[in-house]
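Residue numbers (the numbering used here): 65 to 483.
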């Protein structure tokens, strides 16, 4: 036996037969049980025993080092009212990220980028409010892991109402004018979220007239035939503290032919030019000495075949109330129109300025007589056409009074941008 052989090396004596026979079973078992202890302590067969122990430890160490990558998503999986003012972040421990996809239930997707170690991914933009997002992150060499969250809705919102109408065709003087439902404090953030582009291309710049109004125009009138695109990216833009935009859309407008009408109130005439050629000349009557007509560049912003005009609405008491003014086209917010006039003598037009500030052309009651100047001019006009008034005896109209920003120089216009 191994144990016996190892013992005889240290103590060489002869054991007789009878002595071997007198060993008890208990002694034999004790002797056999002592063999491993002797081997460990003395190092007998040490190289083989040590090798076996090392392999076991290495196997355990290798098994401990193989860890499953753990993915963490911010906002956390299952969040029901997650914030929308910070980017989405995906991190991994015990591994690297092979890919990350973030998709919204509105069909949108969030792009993003990895850090150099590919242990973190950050979305380029913030998630939208009121949207459910699903995040699928795949660590390198491991199965994909998923998480989802829902962003909360903002408690207060604002929108921008824009002029002109979608897909409409306007004259060359029509600016893109946006009126906001809430006062904007962070003008730069809001203006940055709005772009106006033109085909053919031209520089277009925004100008703030107030906390609720932002207009866009080029340096000169639009070229005839221009296509204009308004891109609104206001959704979740914080216009003022705690008040967020809701719009994310693109709309287009078109510019028609170029028509510029020049009213000379010293001569009491209006000359209409279409695409560089004279179209017509009409006799007119402007504001009298006590109610002079604004001078300057004005843009037609509203058109009515017939409308009611009351002096009380423009601060003139009860001087007039005409229920059926024909062919009225608005030039200022304060109440200046160019319109037909059937109640004055035909001799007035071209000879005397008698109105309360409007520009009048001879017309017929009922607005259906196509032979009169009021009808003809109205029929030849469209929203966005330019009407220039000179020699009226009045100062230049304020740029904010109507769609009349053309009265500002290009440098003054650009100075009104927040960018």
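Note that CB positions come from ideal geometry on N, CA and C, so glycine has one too.
For residue i, three-class secondary structure by DSSP
i	result
residue 283	coil
residue 377	helix
residue 433	coil
residue 253	helix
residue 440	helix
residue 412	helix
residue 471	helix
residue 342	strand
residue 265	coil
residue 146	strand
residue 328	strand
residue 476	helix
residue 369	strand
residue 314	strand
residue 456	coil
residue 95	In this prediction, residue 95 has a pLDDT of 41, which is less than 50 and means its spatial position is unreliable; what the coordinates show is noted afterwards. Note: residue 95 maps to helix in three-state DSSP.
residue 420	coil
residue 396	coil
residue 297	strand
residue 333	strand
residue 231	coil
residue 114	Residue placement at residue 114 is flagged as unreliable, the pLDDT there being 43, under the threshold of 50; the coordinate-derived value follows with that caveat. If DSSP states are grouped into helix, strand and coil, residue 114 belongs with the helices.
residue 134	strand
residue 364	coil
residue 87	With a pLDDT of only 44 at residue 87, under the threshold of 50, the placement of this residue in the model should not be trusted; the figure read from the coordinates follows. Correct three-state label for residue 87: coil.
Beta-ladder partner(s) of residue i, from DSSP
i	result
residue 238	Note: residue 238 sits in no beta bridge, so no partner.
residue 355	Paired residues: none, contrary to the question.
residue 270	280
residue 308	221, 302
residue 404	425
residue 288	Answer is none; residue 288 lacks a bridge partner.
residue 385	374
residue 151	None; residue 151 has no bridge partner.
residue 390	370
residue 464	BP columns for residue 464 are empty, so no partner.
residue 259	295
residue 349	424
residue 450	324, 363
Minimum Cβ-Cβ distance from residue i to chain D less than 8 Å
i	result
residue 289	Protein chain content of the structure displayed is limited to a single chain, and chain D is not contained in it.
Proximity below 8 Å, CB of residue i to CB of residue j
i	j	result
residue 443	residue 436	no
residue 319	residue 361	no
residue 203	residue 143	no
residue 235	residue 448	yes
residue 304	residue 256	no
residue 276	residue 349	no
residue 375	residue 381	yes
residue 252	residue 286	no
residue 195	residue 215	yes
residue 333	residue 345	yes
residue 358	residue 284	no
residue 197	residue 213	yes
residue 463	residue 472	yes
residue 240	residue 280	yes
residue 306	residue 219	yes
residue 488	residue 175	For the chain, the structure presents residues 65 to 483; residue 488 sits outside this window and is missing.
Beta strand (DSSP E) segments (min. 3 residues) lying fully within the region 155–226 | 161–168, 176–178, 184–187, 196–203, 209–214, 220–222
Please confirm if the region 184–196 is in contact with the region 147–161, defined as three or more CB-CB distances below 8 Å between the two stretches.
-> yes
Inspect the CB distances between the region 232–245 and the region 210–223 and report whether three or more fall short of 8 Å.
-> yes
Okay, do the region 418–426 and the region 294–311 touch, 3+ Cβ pairs below 8 Å being the bar?
-> no
Should the region 204–213 be regarded as contacting the region 130–140, the criterion being three or more beta carbon pairs within less than 8 Å?
-> yes
Quick check: the region 264–273 against the region 352–363, are there 3 or more CB pairs under 8 Å?
-> no
Decide if the region 392–401 is in contact with the region 354–369; the criterion is three or more beta carbon pairs, one per stretch, under 8 Å apart.
-> yes
Decide yes or no for the touch test of the region 314–330 against the region 447–466: beta carbon pairs closer than 8 Å, at least 3 of them.
-> yes
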